[in-house]
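S.K.: Encoded as structure tokens, here's the structure I'll be asking about.
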Amino acid sequence: IARWICKERSCTLGQLVGYQVSLENISSKETRLLYMTTGVLLQKAVCAKSLDEFTHIFIDEVHERTEEMDFLLLVIRKLLRSNSQSVKVILMSASINCKEFADYFALPDCNGLNPTCILKVEGKPYAIKEYYLDDLKHIVHFKLPSQRIEEPVILRQMYEVAVSLIESFDELEMKSDRKKKTLNVTSEHGSVLVFLPGLSEISYMHSCLSNKFNKRWQVYPLHSTLSLEEQSSVFLTTAPGYRKVILSTNIAESSVTVPDVKYVIDFCLTRTLVCDEETNYQSLRLCWAPKTNCNQRKGRAGRVSQGYCYRLVHKDFWTDFIPEKSVPGILCCPLGPTVLKIKQLDMGRPKDLLATALSPPSASGIERAIRQLKELGALTTCAETDEDPHDGELTFLGRVLVHLPVDLHLGKLIVLGHVFGCLEECLIIAAALSLRNFFALPFKQRVNEYRSKLFFAGSSKSDCIAIVNAFKAWQTCKQKGELRHPKEELEWGRSNCINVGRIRAVAELFQKLKMRVGAFNMCINAQPSAMDQECEYRQLFILQVVIAGAFYPNYFTFGECVEKIAERDLADKDPKTTVMLKKIPPYGYLYHKQLQSLFKQCGQVKSIAYEGSKAFVEFARNPLEGFKILPAVYLSLKMSQLKIPLELNVHCPDHIERQLRDERAASVKSLR
-3 IARWICKERS
7 CTLGQLVGYQ
17 VSLENISSKE
27 TRLLYMTTGV
37 LLQKAVCAKS
47 LDEFTHIFID
57 EVHERTEEMD
67 FLLLVIRKLL
77 RSNSQSVKVI
87 LMSASINCKE
97 FADYFALPDC
107 NGLNPTCILK
117 VEGKPYAIKE
127 YYLDDLKHIV
137 HFKLPSQRIE
147 EPVILRQMYE
157 VAVSLIESFD
167 ELEMKSDRKK
177 KTLNVTSEHG
187 SVLVFLPGLS
197 EISYMHSCLS
207 NKFNKRWQVY
217 PLHSTLSLEE
227 QSSVFLTTAP
237 GYRKVILSTN
247 IAESSVTVPD
257 VKYVIDFCLT
267 RTLVCDEETN
277 YQSLRLCWAP
287 KTNCNQRKGR
297 AGRVSQGYCY
307 RLVHKDFWTD
317 FIPEKSVPGI
327 LCCPLGPTVL
337 KIKQLDMGRP
347 KDLLATALSP
357 PSASGIERAI
367 RQLKELGALT
377 TCAETDEDPH
387 DGELTFLGRV
397 LVHLPVDLHL
407 GKLIVLGHVF
417 GCLEECLIIA
427 AALSLRNFFA
437 LPFKQRVNEY
447 RSKLFFAGSS
457 KSDCIAIVNA
467 FKAWQTCKQK
477 GELRHPKEEL
487 EWGRSNCINV
497 GRIRAVAELF
507 QKLKMRVGAF
517 NMCINAQPSA
527 MDQECEYRQL
537 FILQVVIAGA
547 FYPNYFTFGE
557 CVEKIAERDL
567 ADKDPKTTVM
577 LKKIPPYGYL
587 YHKQLQSLFK
597 QCGQVKSIAY
607 EGSKAFVEFA
617 RNPLEGFKIL
627 PAVYLSLKMS
637 QLKIPLELNV
647 HCPDHIERQL
657 RDERAASVKS
667 LR
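Mapped onto this note's numbering, the consecutive letters of the sequence shown carry residue numbers -3 to 668.
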């Protein structure tokens, strides 16, 4: 946005208009309009304990109600009532509950509360027609499945409905064109935006559309884990006669706007970060998207012409069961980082301050956060007096964590790395895990990406170790001057399945973290130029212990019973070298060469055994690999996890039996 404004006003970026994100600050003393993320504004307010740096603060998309957003609103409200009364705050959203926010920000005066002003900015978008599953009976020739609020899932039939719907758009537009021909008007194929909850659903939908070879579709996935180049491809002009189909997560709700979208297909599902009340552990859970989010999705159509929104749920289900709005993040996310910022603000007990939030969290949630911070070592515990379950004082570790723009466990990893002499490696891991995965390849090449990760992980099979080794390999090549030219660096990235732009971002954050911990006298020690194998093994072991200590209690252990089940399923074959395929057509041995070819990308196939409709693919073991699970097995399982279809040219059973009879007859004849 800042770049666009500078271009429109013909001014230099960083002077009158600038921006600040976690890794960049493009601004100066002359800057009067500064764009920044919610996190940056929150950090500024917490550190300064004042808003006097600004005259006006515009906060957009306040309806999203993330934990960070709610805490920012709490801090701003607190400061507006104390030392920053002259600052003007403007809250913006296309789907905001105006009264709720207006009441929250009403300021006290001598007559009680001074109500907040509400301004409505009227827009004139094109009309958008809404349709539900009940309206699609003319294109669906099978019984539509029922939906249940407690089972948010996309059934196979629903993917078929979406594909049939996209096919019907051609006919819809042909009818429209016939009407327009009298006016000498020709129309282009409108783009389709399909909202799906995650990457696995996008992959499956992509394969469903790819099976329609006769259709003139250009299909683009849109997901936060994809490279910037892939994400940018959704803005490309479509080839004449083709229709653009974008398969997206909720990234396209507000973060990305594609102007030529005419049709929105919404499965009304999303993945939400939830926190387990007992363990304080976060996980992504599939759930029905609230109506506020679905209405945001609907608004993606109708930007340049009349739009159409197809919600793949029954109308009654939408009315009766789809929630009106999402649960505020402050009620369902761990409060640890928020509590630390409150302690830094020094505005009272966390429990008392959080009670003034727009949606106050429960006392038990605050207590869990305090307990977690004490277990982490960020807050003091007192064994001599009665423990206060709702408060504690910041420790040295706590003060460090407040100043680090990373997750609490990653902050502890850095401090433990300093204590045990592996600070550099821990800074690399913390920087990489705080940003998007730099092991990234174009869509449909995930197996190669995983192969690269396995290579850099070595015998450890650890993501963290793979990150360290890959980063150091890139760093070494840069220091040797092997990647001076951008083309050389891009080629290195392609050959190692690493996104160069992302690994550069990791390097920037690494330097930033290094500088911040330096303020606490935590410095990287000089490493010996050469280490023997025993020393390297010891260093690796120490790093693994530090990782285990930082991420407690999130451990995974191998179970013997799982290995026994695997051996039984594999007909007593070695599970460390063998994978099993199901649903092999009759006379499986006829597909031997095809199966060898399919698994060639994973490793050298030693043998393939057949048992009914099963095939057992055994990979050859390299003597240097010892007796651990072969990388080829990991790669094969990754193919299964990614739902990559294994396609065989299947022979007709009647034709096979006829061939076998002919061969037997010829054999008998030769014997005679």
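Even glycine gets a Cβ: it sits at the ideal position worked out from N, Cα and C.
Quick one: residues in its chain with C-beta nearer than 8 Å to the C-beta of Ile494, no 5 flanking neighbours on either side, listed in chain order?
M.R.: As a working note, residue 494 is residue 498 in the sequence shown. Same-chain partners within the cutoff: Phe434, Phe435, Ala436, Ser448, Ala466, Trp470, Trp488.
S.K.: Going by alpha carbons, who is nearest to Lys596 out of Asp105, Val443, Phe54, Ala353?
M.R.: Taking the sequence shown and counting its residues from 1, one reaches residue 596 at position 600. It is Val443 whose Cα lies nearest to the Cα of Lys596.
S.K.: Quick check: what's the CA-CA separation for Ser360 versus Gly373?
M.R.: Translated into positions along the sequence shown, residue 360 becomes position 364. Translated into positions along the sequence shown, residue 373 becomes position 377. Rounded to whole angstroms, Ser360 to Gly373 spans 20 Å at the Cα level.
S.K.: For His481, is the classification buried or exposed, using 16 other Cβ atoms within 10 angstroms of its Cβ as the cut-off for buried?
M.R.: Within the sequence shown, the letter at position 485 stands for residue 481. Exposed, by the Cβ-count rule.
S.K.: For Ala338, which of helix, strand or coil comes out of DSSP?
M.R.: The residue you call residue 338 lines up with position 342 of the sequence shown. The amino acid at residue 338 is misidentified as Ala; the sequence shows Ile. Reduced to three states, the DSSP call for Ile338 is helix.
S.K.: Here's a check: name, in chain order, each residue in its chain whose Cβ is nearer than 8 Å to the Cβ of Ser187, leaving out the five neighbours to either side.
M.R.: In the sequence shown, residue 187 corresponds to position 191, counting from 1. Thr234, Arg239, Lys240, Val241, Ile242, Val254, Asp256, Val257, Lys258, Tyr259, listed in sequence order.
S.K.: Whole angstroms are fine: how far does the CA of Lys370 sit from the CA of Ala616?
M.R.: One-based indexing of the sequence shown puts residue 616 at position 620. One-based indexing of the sequence shown puts residue 370 at position 374. Whole-angstrom Cα-Cα distance: 50 Å.
S.K.: So, are the CB atoms of Ile338 and Glu420 less than 8 Å apart?
M.R.: One-based indexing of the sequence shown puts residue 338 at position 342. One-based indexing of the sequence shown puts residue 420 at position 424. It is not a contact, given that the beta carbons lie outside the stated cut-off.
S.K.: Closer than 8 Å is the cut-off here; do at least three beta carbon pairs connect the stretch 73 to 93 with the stretch 43 to 53?
M.R.: Contact holds: three or more Cβ-Cβ distances are below 8 Å.
S.K.: I need the DSSP call for Leu179, collapsed to helix, strand or coil.
M.R.: As a working note, residue 179 is residue 183 in the sequence shown. Since pLDDT at Leu179 reaches only 49, below the 50 mark, its modelled position is unreliable, and no value is offered.
S.K.: Gly325: buried (16+ other C-beta within 10 angstroms of its C-beta) or exposed?
M.R.: To locate residue 325, count along the sequence shown from 1; it is residue 329. Gly325 comes out buried.
S.K.: Where does His414 land, buried or exposed, given buried means 16+ other C-beta within 10 angstroms?
M.R.: Mapped onto the sequence shown, residue 414 falls at position 418. His414 comes out buried.
S.K.: When the Cα atoms are used, what is the spatial distance from Val575 to Ser593?
M.R.: For the purposes of this step, residue 575 is taken as the residue at position 579 of the sequence shown. For the purposes of this step, residue 593 is taken as the residue at position 597 of the sequence shown. Going from the Cα of Val575 to the Cα of Ser593 covers about 15 Å.
S.K.: Rounded to whole angstroms, what's the CA-CA distance from Ala546 to Cys422? Just pull it up for me.
M.R.: Taking the first residue of the sequence shown as 1, we reach residue 546 at position 550. Taking the first residue of the sequence shown as 1, we reach residue 422 at position 426. Using only the alpha carbons, I get a separation of about 10 Å.
S.K.: Leaving out the 5 sequence neighbours to the left and right, which residues in its chain are closer than 8 Å to Ile410 when beta-carbon positions are compared?
M.R.: Numbered from 1 along the sequence shown, position 414 holds the residue referred to as residue 410. Val396, Leu400, Val402, Leu419, Cys422, Leu423, Ala426, Leu509, Val513, Met518.
S.K.: Quick one: what's got a C-beta closer than 6 Å to Met343's C-beta in the same chain, skipping five residues either side?
M.R.: Residue mapping note: residue 343 aligns to position 347 of the sequence shown, counting from 1. So the list reads Leu349, once near-sequence residues are dropped.
S.K.: Residues bridged to Lys125 by DSSP?
M.R.: Counting from one through the sequence shown, the residue named residue 125 turns up at place 129. Partner(s): Tyr304.
S.K.: Measure the Cβ-Cβ separation of Ile261 and Val309 and say whether it is below 8 Å.
M.R.: Here residue 261 refers to the residue found at position 265 when the sequence shown is read from its first residue. Here residue 309 refers to the residue found at position 313 when the sequence shown is read from its first residue. No, Cβ-Cβ distance for Ile261 and Val309 is not below 8 Å.
S.K.: Within 10 Å of its beta-carbon, does Ile198 have 16 or more other beta-carbons around it, so buried, or fewer, so exposed?
M.R.: Working through the sequence shown from its first residue, we reach residue 198 at position 202. The residue is buried, with at least 16 neighbouring Cβ atoms inside 10 Å.
S.K.: Over what stretch of residues does the alpha helix (DSSP H) that includes Gln81 continue unbroken?
M.R.: Position 85 of the sequence shown, counted from the start, is the residue given in the question as residue 81. Note, Gln81: premise wrong, no alpha helix (DSSP H); not H, not E.
S.K.: On the premise that Phe623 lies in contact with Ala567, defined as a C-beta separation below 8 Å, what is that separation, rounded to the nearest angstrom?
M.R.: Counted from its first residue, the sequence shown places residue 567 at position 571. Counted from its first residue, the sequence shown places residue 623 at position 627. Wrong, their Cβ atoms sit about 20 Å apart, outside the cutoff.
S.K.: Please name the residue, chosen from Ile124, Glu504, Thr268, Thr553, that lies closest to Gly298 on a Cα-to-Cα basis.
M.R.: Within the sequence shown, numbered from 1, the residue matching residue 298 stands at position 302. For the residues Ile124, Glu504, Thr268, Thr553, the minimum Cα distance to Gly298 belongs to Ile124.
S.K.: With 16 other CB atoms within 10 Å as the buried threshold, where does Ser491 fall?
M.R.: Taking the first residue of the sequence shown as 1, we reach residue 491 at position 495. That one is exposed.
S.K.: Ends of the beta strand (DSSP E) at Tyr606?
M.R.: As a first step, residue 606 must be located in the sequence shown, where it is residue number 610. Where Tyr606 is concerned, the enclosing beta strand (DSSP E) stretches over 601 to 607.
S.K.: With a threshold of 6 Å on Cβ separation, who are the neighbours of Phe416 within its own chain once the five nearest residues in sequence on each side are excluded?
M.R.: As a working mapping, residue 416 is identified with position 420 in the sequence shown. Hits under 6 Å: Ile538, Val542.
S.K.: Is it buried or exposed for Glu57, if we count other Cβ within 10 angstroms and need 16 for buried?
M.R.: For the purposes of this step, residue 57 is taken as residue 61 along the sequence shown, with counting starting at 1. Buried, since its Cβ has 16 or more Cβ neighbours within 10 Å.
S.K.: For Ser23, tell me which candidate among Gly10, Asn107, Cys531 has the shortest Cα-Cα distance.
M.R.: As a working mapping, residue 23 is identified with position 27 in the sequence shown. Answer by Cα proximity: Gly10.
S.K.: Quick one: grab the DSSP three-state call for Ser187.
M.R.: Taking the first residue of the sequence shown as position 1, residue 187 is located at position 191. In the structure shown, Ser187 sits in a strand (DSSP, three-state: E or B).
S.K.: If you count every other CB in all the chains shown that lies within 10 Å of the CB of Val157, and 16 or more means buried, which is it?
M.R.: On the sequence shown, residue 157 is found 161 positions in, with the first residue counted as 1. Label assigned to Val157: buried.
S.K.: Taking 8 Å as the cut-off, decide whether the C-beta atoms of Gln292 and Ser244 are in contact.
M.R.: Stepping through the sequence shown from its first residue, residue 292 is reached at position 296. Stepping through the sequence shown from its first residue, residue 244 is reached at position 248. No; because the gap between Cβ atoms is not below 8 Å, this pair is not in contact.
S.K.: Suppose you measure from the CA of Ser142 to the CA of Leu218; what does that come to, to the nearest Å?
M.R.: As a position in the sequence shown, residue 142 is number 146, starting the count at 1. As a position in the sequence shown, residue 218 is number 222, starting the count at 1. Using only the alpha carbons, I get a separation of about 28 Å.
S.K.: Using the Cβ count rule (16 or more neighbours within 10 Å means buried), how would you classify Arg212?
M.R.: As a first step, residue 212 must be located in the sequence shown, where it is residue number 216. With fewer than 16 other Cβ atoms within 10 Å, it is exposed.
S.K.: Can you tell me where the alpha helix (DSSP H) with Pro627 in it begins and where it stops?
M.R.: As a first step, residue 627 is located in the sequence shown; it is residue number 631 there, counting from the start. That run of the alpha helix (DSSP H) goes 627 to 637.
S.K.: Tell me which residue opens and which closes the beta strand (DSSP E) that Gln143 is part of.
M.R.: Locating residue 143 in the sequence shown gives position 147, where the first residue counts as 1. Per DSSP, Gln143 belongs to no beta strand (DSSP E) and is neither H nor E.
S.K.: In whole angstroms, what is the alpha-carbon distance linking Ala248 and Val215?
M.R.: Counting from 1 along the sequence shown, the entry for residue 248 is found at position 252. Counting from 1 along the sequence shown, the entry for residue 215 is found at position 219. Whole-angstrom Cα-Cα distance: 15 Å.
S.K.: In the DSSP assignment, what are the bridge partners of Arg73?
M.R.: Taking the sequence shown and counting its residues from 1, the one referred to as residue 73 is at position 77. Paired residues: none, contrary to the question.
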